[in-house]
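Read the structure below first, then the notes.
There are 2 protein chains.
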Amino acid sequence: MVNPPTIKEIAKKLNISTSTVSRALHDHHRINILTRIRVQKLARELDYEPNQKAIFFQKRRTFTIGVILPDLSEFYFSTAISAIEDASTKHKYSVLLGQSHDSEAREKHIVECVMNQRIDGLIISIAKSTKNYEHFDLLKRYGIPVVFFDRIPDIPDIHYVACNVETGTVQAVKFLLQNGHRTIGMLNGPEQLYSCRQRIEGYIKGLESHPLKFDPSLIVSTDLTKEGTENAMAELLRLKRKPTALVCFNDNVTLDAIQYARKMKLKINKDISFVSFSNQPMINHTAFPPIATIEQFPYQQAQKATEVLLELLSRRDENSTSPFKKITVQSQLAIHKQQK
Amino acid sequence: MVNPPTIKEIAKKLNISTSTVSRALHDHHRINILTRIRVQKLARELDYEPNQKAIFFQKRRTFTIGVILPDLSEFYFSTAISAIEDASTKHKYSVLLGQSHDSEAREKHIVECVMNQRIDGLIISIAKSTKNYEHFDLLKRYGIPVVFFDRIPDIPDIHYVACNVETGTVQAVKFLLQNGHRTIGMLNGPEQLYSCRQRIEGYIKGLESHPLKFDPSLIVSTDLTKEGTENAMAELLRLKRKPTALVCFNDNVTLDAIQYARKMKLKINKDISFVSFSNQPMINHTAFPPIATIEQFPYQQAQKATEVLLELLSRRDENSTSPFKKITVQSQLAIHKQQK
DNA sequence: CTGTTAGCGCGTTCAA
DNA sequence: TTGAACGCGCTAACAG
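Chains as they are written, first to last, in numbering that gives the first Met the number 0: chain A, 0 to 339; chain B, 0 to 339.
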């Protein structure tokens with residue numbers, strides 16, 4: 000068991016200086032072709048590979064981006080990390096990972112950790128509970144670019160890539176109206192999430208196309224737990240005007256809601272229909288699938304976020320201040336074929 | 000926009016040497032309480048945080064582990080990475096990520112990359128196509144511990160944590176026999192995977208409990224694509240003795256297989272029943288779910304792998320050679336309640 | 001108790 | 001065409 004070889008070692012074996020070795024390895028133009036060959040040959044024999052840590056250390060760049068997501072076991076985020084890794088590898092960047100588990104404290108801690116690792120940039124989807132954004136101040140002070148992804152904070156002057164779920168929600172409501180539904184409910188997520196407010200906006204705009212008046216009691220929130228969803232469902236089903244269709248926050252909420260509806264002896268797609276926000280492809284194989292899904296394209300979104308960050312990083316060399324990138328991917332309604 | 004503060008900066012401002020600053024920050028015992036306080040106060044004011052890269056650089060340890068998995072968007076692996084991140088964060092280790100996308104070449108390249116980043120250790124689930132293990136030789140030579148996870152190579156003297164799918168398969172076959180099935184087929188994955196060979200072993204052992212003779216033509220392989228699965232299914236259904244039950248490689252294969260069976264007008268759970276290897280919880284909500292699932296506990300498995308690696312890393316300091324850890328998690332059959 | 005010095009591995013002047 | 005010297009930020013051995 001040995002340590003990885005260094006240029007010093009090569010230099011000693013060849014009785015030349017380390018700088019010559021360094022130059023030879025980099026195909027410096029004013030170097031003796033012979034020494035270059037000798038050096039490169041020995042380097043190959045020793046399996047020499049430059050110690051990136053040392054290089055990064057002196058160059059003060061790590062070619063590593065930090066990625067902080069709430070929970071990697073969620074389909075949406077695992078798709079995202081997959082895309083981020085793909086995109087950054089393509090540009091010779093590495094990915095340093097962290098999960099906030101939707102805790103603000105943990106998020107803060109991870110931000111500090113990746114910063115101490117001197118990442119070049121950060122992609123982050125903020126925790127549900129995050130209200131305070133001070134932990135990003137230091138990043139700003141040190142000029143480490145941050146691209147917010149999907150769950151974006153409501154503050155100015157940031158780069159972000161997010162999905163506009165409003166358009167998809169509008170489409171969903173219109174689609175339901177076209178299919179004869181006149182009492183459309185919304186089973187929404189926590190209202191502090193920007194995307195939940197977008198869902199509400201979309202819901203309202205969708206109704207505007209129709210002489211139907213907006214009834215706020217048709218919008219209820221769940222904390223995303225099964226119990227929360229059941230409570231929300233109970234509330235909706237207690238209404239005088241029971242909804243015949245529901246737009247639900249995501250697939251898991253939809254499944255829980257459908258299960259509850261069935262327990263209440265409602266016929267799915269007859270007494271009540273569902274529209275989901277897509278997380279998982281398997282939703283189409285479920286026993287009582289939603290009739291439509293609002294697709295959010297997590298892979299494309301995350302890929303875009305990575306590209307934005309990498310461009311910021313390359314621009315940084317020319318120390319031109321780039322304007323804030325605010326990129327929105329449009330969500331889109333996908334109508335499912337009915338299973339026989 | 001400034002650079003992060005360094006001990007040098009603090010030293011200059013306080014007119015003391017950098018080593019004094021360093022000691023003060025580390026609560027060195029033989030340091031003036033006053034200077035210590037002054038240093039720590041200033042450090043706090045400047046938001047000083049040690050540059051881990053510099054520390055790691057000179058300590059020759061990075062407190063970073065590399066993780067290479069085939070595809071992070073697969074449920075099984077996203078659960079794994081989630082567990083690995085959780086466990087390593089707990090021990091102040093960071094995670095450097097890579098996806099092989101089941102390509103041996105890419106896997107090799109990523110191994111080189113993480114090695115050049117001087118990771119302290121590696122957790123890897125090898126690519127389907129990997130036949131050659133030379134890219135791990137360098138890691139061995141440099142004493143970087145590797146823990147193989149789930150997809151383990153068939154070579155001696157390695158650390159690994161894997162799931163024994165044989166036991167679960169035995170249970171599955173016995174369960175099917177108990178339920179009256181007498182022609183049980185297996186829709187297996189690529190045979191070079193160790194776990195596929197385990198499935199076959201389990202299949203054979205399961206049959207041994209019964210005076211039924213083993214018919215090799217009841218075992219077919221798919222390359223995991225939908226088309227491959229359909230071809231495999233066609234082959235099985237062409238047999239004289241058509242299987243009344245199938246043990247399928249994983250959830251996706253199972254879904255494709257079920258879809259194909261339905262297209263062939265077979266009644267699921269009547270003409271033919273399915274047992275799956277679990278990837279996703281949602282499988283229980285599908286329209287025609289398998290009657291049972293062999294659970295592999297990816298979270299626990301990955302957590303264990305991380306703990307093994309971290310222990311190796313801590314042991315390394317006492318340069319005692321640790322024996323090869325070969326840890327096997329038992330898979331387990333979970334029988335699904337029939338949906339009404 | 002504190003300062004000086006050296007070195008981790010590398011690239012990059014500046015000099016020769 | 002090459003080598004010597006320096007510095008990136010930090011710790012540690014040694015000297016005071």
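Glycine included, each C-beta is placed from N, C-alpha and C at the ideal position.
Contact of Glu310 (chain B) with chain A is not assigned, every C-beta pair being separated by 8 angstroms or more. Ile154 (chain B) is outside the set of residues whose beta carbon lies under 8 angstroms from a beta carbon in chain A.
For Val219 (chain A), the three-state secondary structure derived from DSSP is strand. Glu111, Cys112, Val113, Met114, Asn115, Gln116 and Arg117: these are the residues of the region 110–123 of chain B whose beta carbon lies less than 8 angstroms from some beta carbon of chain A, given in chain order. CA-CA distance, Ile267 (chain B) to Gln197 (chain A), rounds to 42 angstroms. Note on Thr320 (chain A): under 16 other CB atoms within 10 angstroms of its CB, so exposed under the neighbour-count rule. Excluding five sequence positions before and after Leu245 (chain B), the CB atoms of its chain that fall closer than 6 angstroms to its own CB belong to Gly184, Leu186 and Phe273, given in chain order.
Around the beta carbon of Tyr92 (chain A), a 10 Å sphere encloses 16 or more other beta carbons of the protein chains shown; the residue is thus reported as buried.
At a cut-off of 4 residues, the continuous stretches assigned as alpha helix (DSSP H) that sit fully inside the region 1–69 of chain B are 6–13, 17–24, 32–44 and 51–58. The C-alpha of Val252 (chain B) is placed about 8 angstroms away from the C-alpha of Thr224 (chain B). The beta carbon of Ala82 (chain A) lies closer than 6 angstroms to those of Tyr298, Ala301 and Gln302 in the same chain, with the five residues before and after it left out. Only residues of its own chain outside the window of five on either side were considered, and among them Leu186, Val219 and Thr221 have a CB closer than 6 angstroms to the CB of Ala231 (chain A), listed in chain order. For the C-beta of Asp85 (chain B), the chain A residues within less than 9 angstroms are, from N- to C-terminus, Gln98 and His100.
Close to Leu254 (chain A), with beta-carbon spacing below 8 angstroms, are these residues of chain B in chain order: Met281 and His284. Within chain B, not a single residue places a beta-carbon under 7 angstroms from that of Met263 (chain A); the smallest gap is close to 15 angstroms. Contact between Val146 (chain B) and Ile122 (chain B) holds, with the beta-carbon distance rounding to 5 angstroms and staying under 8 angstroms. Excluding the 5 residues flanking it on each side, Gly97 (chain B) has same chain C-beta neighbours closer than 6 angstroms at Ile67 and Ile109, in chain order. Beta-carbon to beta-carbon, Ile271 (chain A) and Pro242 (chain A) are separated by about 7 angstroms, close enough to satisfy the 8 angstroms threshold.
Residue environment for Ser216 (chain B): exposed (fewer than 16 other C-beta atoms within 10 angstroms of its C-beta). By the Cβ rule, the region 170–179 of chain B counts as touching the region 206–214 of chain B, because three or more pairs are nearer than 8 angstroms. Selection B:Asp136, B:Ser72 and B:Phe296 evaluated against Met114 (chain B) yields B:Asp136 as nearest (Cα-Cα). Here the alpha carbons of Ala53 (chain A) and Arg60 (chain B) stand approximately 12 angstroms from one another. Taking 8 angstroms as the CB threshold, Leu332 (chain B) stays off the interface with chain A. Excluding residues up to 5 positions away in sequence, Leu309 lie with their Cβ nearer than 7 angstroms to the Cβ of His90 (chain A) in the same chain. Here Met185 (chain A) carries a strand assignment [DSSP, helix/strand/coil]. With contacts defined by Cβ atoms closer than 8 angstroms, Glu84 (chain A) and Leu95 (chain B) do not form a contacting pair. Looking at the DSSP output, Leu95 (chain B) sits in a beta bridge with A:Leu95 and B:Gly65.
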